[in-house]
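Remarks on the structure that follows.
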Amino acid sequence: MTPKPSQETPHQPGQPGFEHVPGTVPREREVPPPIGGQAARMWDAGMGSRRNRGKDGRKRRRGDANAVVPDAEFRSYYGRAVLKPPVWTHEIAYYLFTGGLAAGCSMLAVVADVRGDVAARRALRTTSLTAVGASAYFLVADLGRPERFYNMLRVAKVTSPMSVGTYILSVFGPLSGAAAVAELGALLPERGVPGLLRRVAGPAGSVAGAGAALTGPLLATYTAVLFADTAVPSWHEPYRELPFVFGGSALAAGSGAALLLAPVGQSGSAARLAAIGATVELAAAHRMETAHGLVSEPFHLGRPGTFLKAARTLTAAGAAGGIAARFLPRRAGRVVSAVAGASLLTGSFLTRMAVFEAGVASTKDPKYVVVPQRERLEARQRAS
Amino acid sequence: MAALPDLTASLYGRLDDPARDAGYADPPPRKGFFTDTSVCIGCKACEVACKEWNAVPEDGIDLLGMSYDNTGGLGADSWRAVAFIEQSRPVGNQSAPYAGAATGGTSQQLQQDAPAAGFDAFAEAARLGTGVPGGHPVADRAHENTGGCGGGCGGGSAAAPAARSGEQTGGRTGGQFLGMPGMLAPAPLPDRDGRQDVRWLMMSNVCKHCTHAACLDVCPTGALFRTEFGTVVVQEDVCNGCGYCVSACPYGVIDKREDDGRAWKCTLCYDRLGEDETPACAKACPTESIQFGDLDELRERAERRRQQLHDVGVTEARLYGEDPEDGVGGDGAFFLLLDEPEVYGLPPDPVVTTRDLPSMYKHMAAAAGFMLLGTVAAALGRRS
Numbered sequence: 001m002t003p004k005p006s007q008e009t010p011h012q013p014g015q016p017g018f019e020h021v022p023g024t025v026p027r028e029r030e031v032p033p034p035i036g037g038q039a040a041r042m043w044d045a046g047m048g049s050r051r052n053r054g055k056d057g058r059k060r061r062r063g064d065a066n067a068v069v070p071d072a073e074f075r076s077y078y079g080r081a082v083l084k085p086p087v088w089t090h091e092i093a094y095y096l097f098t099g100g101l102a103a104g105c106s107m108l109a110v111v112a113d114v115r116g117d118v119a120a121r122r123a124l125r126t127t128s129l130t131a132v133g134a135s136a137y138f139l140v141a142d143l144g145r146p147e148r149f150y151n152m153l154r155v156a157k158v159t160s161p162m163s164v165g166t167y168i169l170s171v172f173g174p175l176s177g178a179a180a181v182a183e184l185g186a187l188l189p190e191r192g193v194p195g196l197l198r199r200v201a202g203p204a205g206s207v208a209g210a211g212a213a214l215t216g217p218l219l220a221t222y223t224a225v226l227f228a229d230t231a232v233p234s235w236h237e238p239y240r241e242l243p244f245v246f247g248g249s250a251l252a253a254g255s256g257a258a259l260l261l262a263p264v265g266q267s268g269s270a271a272r273l274a275a276i277g278a279t280v281e282l283a284a285a286h287r288m289e290t291a292h293g294l295v296s297e298p299f300h301l302g303r304p305g306t307f308l309k310a311a312r313t314l315t316a317a318g319a320a321g322g323i324a325a326r327f328l329p330r331r332a333g334r335v336v337s338a339v340a341g342a343s344l345l346t347g348s349f350l351t352r353m354a355v356f357e358a359g360v361a362s363t364k365d366p367k368y369v370v371v372p373q374r375e376r377l378e379a380r381q382r383a384s
Numbered sequence: 001m002a003a004l005p006d007l008t009a010s011l012y013g014r015l016d017d018p019a020r021d022a023g024y025a026d027p028p029p030r031k032g033f034f035t036d037t038s039v040c041i042g043c044k045a046c047e048v049a050c051k052e053w054n055a056v057p058e059d060g061i062d063l064l065g066m067s068y069d070n071t072g073g074l075g076a077d078s079w080r081a082v083a084f085i086e087q088s089r090p091v092g093n094q095s096a097p098y099a100g101a102a103t104g105g106t107s108q109q110l111q112q113d114a115p116a117a118g119f120d121a122f123a124e125a126a127r128l129g130t131g132v133p134g135g136h137p138v139a140d141r142a143h144e145n146t147g148g149c150g151g152g153c154g155g156g157s158a159a160a161p162a163a164r165s166g167e168q169t170g171g172r173t174g175g176q177f178l179g180m181p182g183m184l185a186p187a188p189l190p191d192r193d194g195r196q197d198v199r200w201l202m203m204s205n206v207c208k209h210c211t212h213a214a215c216l217d218v219c220p221t222g223a224l225f226r227t228e229f230g231t232v233v234v235q236e237d238v239c240n241g242c243g244y245c246v247s248a249c250p251y252g253v254i255d256k257r258e259d260d261g262r263a264w265k266c267t268l269c270y271d272r273l274g275e276d277e278t279p280a281c282a283k284a285c286p287t288e289s290i291q292f293g294d295l296d297e298l299r300e301r302a303e304r305r306r307q308q309l310h311d312v313g314v315t316e317a318r319l320y321g322e323d324p325e326d327g328v329g330g331d332g333a334f335f336l337l338l339d340e341p342e343v344y345g346l347p348p349d350p351v352v353t354t355r356d357l358p359s360m361y362k363h364m365a366a367a368a369g370f371m372l373l374g375t376v377a378a379a380l381g382r383r384s
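Keeping their order, the protein sequence lines are chains V and Y. Counting from 1, one number per residue, gives the positions in the first sequence under full-length UniProt numbering. Counting from 1, one number per residue, gives the positions in the second sequence under full-length UniProt numbering.
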């Protein structure tokens with residue numbers, strides 16, 4: 001039979017993956033591996049002391065994250081994870097993106113509404129509704145029992161960011177939808193009852209849109225609390241920065257949609273907002289990636305590391321491109337603006353994927369749990 | 001209304017009666033487990049009893065290739081899980097049973113010397129209080145029997161007090177060696193580093209039923225609830241499998257059952273508790289390694305046991321999860337360990353993630369405010 005997930009022994013010597021897991025016993029040691037049965041297996045499985053005697057002798061890949069944080073010495077139960085990895089799938093990472101996009105779009109849609117940029121407003125309201133619809137789909141699809149999604153509305157708990165988020169989404173979704181549907185008013189005939197509806201649609205859309213724009217920031221940032229309020233080391237520790245990463249990323253994504261979809265003449269505020277959002281996102285993400293010692297390490301390793309690096313480049317380039325497009329001739333400006341918008345959207349998406357995957361990675365290696373906690377414990381013992 | 005108690009519940013710090021805090025007017029005494037790993041023999045009766053009573057599905061019985069562990073850890077289908085740890089320990093100083101024995105240079109020598117020097121497994125068991133006379137909790141019995149008949153009586157009755165612990169080291173030859181397998185592990189040939197002697201640590205892991213239970217606090221449906229006994233239980237008819245509890249648990253206990261979609265964990269046999277019955281695992285444990293009772297009494301009993309072990313030289317004995325001042329407000333199920341917690345796969349210093357929830361919400365509010373202000377600032381620019 002196939003072993004259940006908890007039976008996988010990730011850091012067993014001789015099994016794939018063992019050699020490359022940072023923080024575990026290096027493959028080449030100065031001390032020759034012991035001969036003998038149990039003791040040898042124990043030693044290799046990390047039951048002995050985990051001193052990195054052979055560190056200099058290791059073949060170091062370029063971009064080895066251990067250059068950032070030195071390999072940790074720690075003990076564990078045969079290298080097995082202390083925590084359960086999140087059962088959330090990539091749908092939750094997609095949701096982080098679509099939720100942020102919906103929020104950013106609804107905020108910019110109000111700006112467009114106030115300024116009378118009809119094309120931009122229409123595109124942004126439509127994008128917001130599409131994104132929030134996708135959000136609801138991803139959230140329900142990720143449940144173990146999707147048919148019981150309505151149990152989320154059974155209670156209201158402030159101690160559960162997911163419960164809080166459910167209500168935020170329940171308010172934001174209909175408002176965003178109403179604002180988008182109001183755009184259809186322009187298609188109605190001008191006379192009779194439809195004419196009345198046509199006249200009401202505009203103001204009603206503005207009110208609903210304003211409501212969505214006020215709820216949007218909550219929708220974009222509660223997800224940071226959702227992630228931070230877990231035992232996942234790389235989600236919990238940066239809990240101060242994460243709302244700013246997600247909030248900035250949401251603004252960048254919303255601005256990206258505007259730059260991509262709206263005419264250049266109507267995307268001036270989007271270009272400025274992209275710069276503001278990207279600046280805050282990148283600053284907060286920099287802190288998230290560097291300020292938490294070992295727990296910051298997963299942000300530099302493997303897929304999340306690659307994603308985050310790409311996201312940084314794309315976000316910065318997109319923000320710069322959005323501004324630059326203002327100073328270009330009309331045609332070139334539109335092209336650069338669209339490319340910048342797509343770049344911002346991709347950057348936001350990759351940021352979310354990176355944060356998601358870095359957190360998952362931090363639950364799979366016991367060192368991210370044991371080493372910081374051991375340090376905390378020892379610091380406390382020294383103090384007392 | 002179900003969530004109202006949660007709003008007032010403290011998120012961190014000492015909390016003596018979580019049941020009352022959860023809204024029970026006059027709850028019975030808080031129930032819990034004290035798992036004394038020093039007397040665990042790794043028989044796995046607890047695992048079997050748990051599965052039988054709670055109808056937990058079979059989830060693979062393959063050996064994992066690292067120790068005698070064939071469970072791997074707690075999960076949706078393993079509510080008790082016995083950890084097996086093989087350690088090489090130097091002979092004659094740290095290993096308590098042989099602390100004062102006439103140790104030779106090698107373990108092979110010791111294996112021959114021990115019987116010759118009058119090493120008596122029964123006497124050792126009595127000295128360490130590992131017998132289960134009459135089915136009484138060993139620590140209690142040890143106290144009662146201070147001055148009892150000691151090792152010469154065989155395993156039948158007594159646990160000798162600390163004062164007599166040095167007696168059999170003086171060349172007493174009370175026991176006759178019958179050629180039975182001794183307490184010594186089958187030692188492999190010494191390896192190059194001279195390691196050759198093995199001790200086995202065994203621990204039956206279980207849900208900790210935390211005072212501040214993150215799984216319960218983050219559950220958005222109210223499926224997880226605090227019972228009148230102060231334990232934490234999932235209602236399977238409410239859970240919609242959102243998986244938040246899985247990421248929130250600092251011990252990696254609760255998990256989602258794949259084919260079922262819902263989260264499952266130890267209920268501390270809520271159904272048996274209601275009938276004034278002992279939970280299945282404690283009932284089945286043949287060595288009283290798993291002790292069930294009122295938490296206050298268990299904590300006293302555990303401290304006595306720890307003291308007893310220290311008195312006979314087992315200075316590595318320490319309690320884990322018993323302190324109501326710790327990061328989760330103390331565990332309802334706590335342990336006596338013979339090594340660092342991480343060696344057993346336990347986090348050395350867990351802190352409930354909701355401790356920081358108020359701060360998370362504050363940072364979220366700040367980030368949401370930034371998003372609004374940023375949008376206003378971007379909107380104020382002149383039309384390009």
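A virtual CB, placed ideally from N, CA and C, is assigned to each residue, including glycine.
- My understanding is that Val360 of chain V touches Val82 of chain V, with C-beta atoms under 8 Å, so please give their C-beta distance in whole angstroms. Here residue 360 of chain V refers to the residue found at position 360 when the first sequence is read from its first residue. Here residue 82 of chain V refers to the residue found at position 82 when the first sequence is read from its first residue. About 14 Å separates the two Cβ atoms, so there is no contact after all.
- Is the Cβ of Met202 of chain Y closer than 7 Å to any Cβ of chain V? Against the second sequence, residue 202 of chain Y aligns to sequence position 202. Closer than 7 Å: no.
- Message: Rounding to the nearest angstrom, what Cα-Cα distance links Val171 of chain V and Trp200 of chain Y in this structure?
- Response: On the first sequence, position 171 is the one that residue 171 of chain V refers to. On the second sequence, position 200 is the one that residue 200 of chain Y refers to. Distance between the alpha carbons of Val171 of chain V and Trp200 of chain Y: 57 Å.
- Quick one, which residues of the region 351 to 374 of chain V are near chain Y if we go by CB-CB under 9 Å, in chain order? Gly359, Thr363, Pro366, Val369, Val370, Pro372, Gln373 and Arg374
- Based on Cα-Cα distance, which residue from Y:Val234, Y:Arg226, Y:Met371 and Y:Glu47 lies nearest to Pro28 of chain Y? The sequence position of residue 28 of chain Y within the second sequence is 28, counting from 1. When only C-alpha atoms are compared, the closest one is Y:Arg226.
- Query: Is the Cβ-Cβ distance between Leu261 of chain V and Ala123 of chain V less than 7 Å?
  - Reply: In the first sequence, the residue the question calls residue 261 of chain V occupies position 261. In the first sequence, the residue the question calls residue 123 of chain V occupies position 123. For Leu261 of chain V and Ala123 of chain V, yes; Cβs fall inside 7 Å.
- Mind checking Gln291 of chain Y: buried by the 16 CB within 10 Å criterion, or exposed? For this step, residue 291 of chain Y is matched to residue 291 along the second sequence. Classification for Gln291 of chain Y: buried.
- Mind pulling the chain Y residues with CB within less than 8 Å of Phe149 of chain V? For the purposes of this step, residue 149 of chain V is taken as the residue at position 149 of the first sequence. Against Phe149 of chain V, the close residues of chain Y are Asn240, in the order they occur along the chain (beta-carbon pairs closer than 8 Å).
- List the endpoints of the continuous alpha helix (DSSP H) containing Ala109 of chain V. Against the first sequence, residue 109 of chain V aligns to sequence position 109. Here the alpha helix (DSSP H) through Ala109 of chain V covers His90 to Arg115.
- Put residue 388 of chain Y into one of helix, strand or coil per three-state DSSP. Residue 388 of chain Y is absent from the structure shown; chain Y starts at 1 and stops at 384.
- Query: DSSP three-state call for Thr126 of chain V: helix, strand or coil?
  - Reply: In the first sequence, counting from the first residue as 1, residue 126 of chain V sits at position 126. Of the three classes helix, strand and coil, the one that applies to Thr126 of chain V here is helix, per DSSP.
- Query: Three-state secondary structure (DSSP) at Met66 of chain Y?
  - Reply: Mapped onto the second sequence, residue 66 of chain Y falls at position 66. If DSSP states are grouped into helix, strand and coil, Met66 of chain Y belongs with coil.
- Give the single residue among V:Leu273, V:Val181, V:Ala179 and V:Gly322 whose Cα lies nearest to the Cα of Met371 of chain Y. Position 371 of the second sequence, counting from 1, holds the residue named residue 371 of chain Y. Taking only the C-alpha atoms, the option nearest Met371 of chain Y is V:Leu273.
- Under 7 Å between beta-carbons, which chain Y residues line up against Thr166 of chain V? List them in chain order, please. Working through the first sequence from its first residue, we reach residue 166 of chain V at position 166. Pro220, listed in chain order.
- Task: Would you list, in chain order, the members of the region 116 to 147 of chain V that have their beta-carbon closer than 7 Å to a beta-carbon of chain Y?
- Result: For chain Y, the residues of the region 116 to 147 of chain V that bring a beta carbon within less than 7 Å of one of its beta carbons are Leu143, Gly144 and Arg145, in chain order.
- Answer with yes or no whether the minimum CB distance from Gly252 of chain Y to chain V is below 7 Å. Numbered from 1 along the second sequence, position 252 holds the residue referred to as residue 252 of chain Y. Cβ-Cβ to chain V under 7 Å: yes for Gly252 of chain Y.
- Task: In the DSSP assignment, find the unbroken beta strand (DSSP E) run with Tyr167 of chain V in it and report its ends.
- Result: As a position in the first sequence, residue 167 of chain V is number 167, starting the count at 1. No beta strand (DSSP E) holds Tyr167 of chain V; the alpha helix (DSSP H) holding it covers Pro161 to Ala182.
- Task: Rank V:Tyr77, V:Pro161 and V:Ser348 by C-alpha distance to the C-alpha of Ser255 of chain V and give the top, closest one.
- Result: On the first sequence, residue 255 of chain V is found 255 positions in, with the first residue counted as 1. For the residues V:Tyr77, V:Pro161 and V:Ser348, the minimum Cα distance to Ser255 of chain V belongs to V:Ser348.
- Evaluate the contact criterion for the region 270 to 285 of chain V versus the region 237 to 253 of chain V: three or more CB pairs, one atom per stretch, below 8 Å. yes
- Can you tell me the Cα-Cα spacing of Pro324 of chain Y and Pro358 of chain Y, whole angstroms? Residue numbering aside, residue 324 of chain Y sits at position 324 when the second sequence is read from its first letter. Residue numbering aside, residue 358 of chain Y sits at position 358 when the second sequence is read from its first letter. Whole-angstrom Cα-Cα distance: 21 Å.
- Task: Report the neighbours of Leu261 of chain V on chain Y: residues whose CB is nearer than 9 Å to its CB, in chain order.
- Result: Residue 261 of chain V sits at position 261 when you count from the first residue of the first sequence. Simply none; closest approach about 17 Å.
- Using a Cβ cut-off of 9 Å, pull out every chain V residue sitting near Glu342 of chain Y, in sequence order please. Along the second sequence, read from residue 1 onward, the residue named residue 342 of chain Y stands at position 342. Correct list: Phe74, Arg75, Ser76, Tyr77, Val82, Pro366, Val369, Val370, Gln373 and Arg374.
- Got a sec? Which residues, its chain only, sit under 7 Å from Arg121 of chain V by beta carbon, not counting five neighbours each side? Against the first sequence, residue 121 of chain V aligns to sequence position 121. Closer than 7 Å at Cβ, skipping near neighbours: Ala109, Ala112 and Asp113.
- Going by DSSP, name the residue or residues bridged to Arg318 of chain Y. Numbered from its first residue, the second sequence carries residue 318 of chain Y at position 318. Beta-bridge pairing links Arg318 of chain Y to Y:Leu337.
- Message: Assuming Phe34 of chain Y is part of the alpha helix (DSSP H), what are its boundary residues?
- Response: On the second sequence, residue 34 of chain Y is found 34 positions in, with the first residue counted as 1. Counting along the chain, Phe34 of chain Y falls outside any alpha helix (DSSP H), though it belongs to the beta strand (DSSP E) covering Lys31 to Asp36.
- Query: If you draw a straight line from the C-alpha of Tyr150 of chain V to the C-alpha of Pro233 of chain V, how long is it?
  - Reply: Within the first sequence, residue 150 of chain V is the residue found at index 150, counting from 1. Within the first sequence, residue 233 of chain V is the residue found at index 233, counting from 1. Taking the straight line from one Cα to the other gives about 30 Å.
- Item | Whole-number beta carbon distance between Gly104 of chain V and Ala325 of chain V, since they are thought to touch under 8 Å | The residue labelled residue 325 of chain V in the question sits at position 325 within the first sequence. The residue labelled residue 104 of chain V in the question sits at position 104 within the first sequence. In fact, because the Cβ distance is near 18 Å, the residues do not count as touching under 8 Å.
- Query: Roughly how many angstroms lie between the CA atoms of Ala378 of chain Y and Gly116 of chain V, to the nearest whole one?
  - Reply: If you number the second sequence from 1, residue 378 of chain Y lands on position 378. If you number the first sequence from 1, residue 116 of chain V lands on position 116. Cα atoms of Ala378 of chain Y and Gly116 of chain V: separation of roughly 15 Å, rounded to the nearest angstrom.
- Roughly how many whole angstroms lie between the Cα atoms of Thr127 of chain V and Thr346 of chain V? Residue 127 of chain V sits at position 127 when you count from the first residue of the first sequence. Residue 346 of chain V sits at position 346 when you count from the first residue of the first sequence. If I take the Cα positions, the gap works out to 15 Å.
- Just reading off the beta strand (DSSP E) that Ala83 of chain Y is part of, what are its end residues? Residue mapping note: residue 83 of chain Y aligns to position 83 of the second sequence, counting from 1. Residue range Arg80 to Ser88 is occupied by the beta strand (DSSP E) that includes Ala83 of chain Y.
- Candidates V:Thr130, V:Thr315, V:Gly293 and V:Ala212: closest to Lys367 of chain V by CA position: Here residue 367 of chain V refers to the residue found at position 367 when the first sequence is read from its first residue. The shortest C-alpha separation from Lys367 of chain V is found at V:Gly293.
- Task: Check whether the Cβ of residue 386 of chain Y lies closer than 7 Å to any Cβ atom in chain V.
- Result: In the structure as shown, chain Y begins at 1 and stops at 384. Residue 386 of chain Y is therefore absent and cannot be evaluated.
- Within 7 Å (strictly less), CB to CB, does Val246 of chain Y reach chain V? As a working note, residue 246 of chain Y is residue 246 in the second sequence. Output row for Val246 of chain Y: interface = yes.
- Val181 of chain V versus V:Gly209, V:Thr159, V:Gly165 and V:Leu196, residue with shortest Cα-Cα distance: By 1-based counting over the first sequence, the position of residue 181 of chain V is 181. When only C-alpha atoms are compared, the closest one is V:Gly209.
- Message: Can you check which of these residues, V:Lys309, V:Met162, V:Tyr167 and V:Ala258, is closest to Ile353 of chain V by C-alpha distance?
- Response: As a working note, residue 353 of chain V is residue 353 in the first sequence. Correcting the residue identity first, residue 353 of chain V is Met in this sequence and not Ile. Closest option to Met353 of chain V, Cα to Cα, is V:Lys309.
- Message: With a threshold of 7 Å between beta-carbons, can Ala368 of chain Y be considered close to chain V, or not?
- Response: Within the second sequence, the letter at position 368 stands for residue 368 of chain Y. True, the Cβ-Cβ gap to chain V drops below 7 Å.
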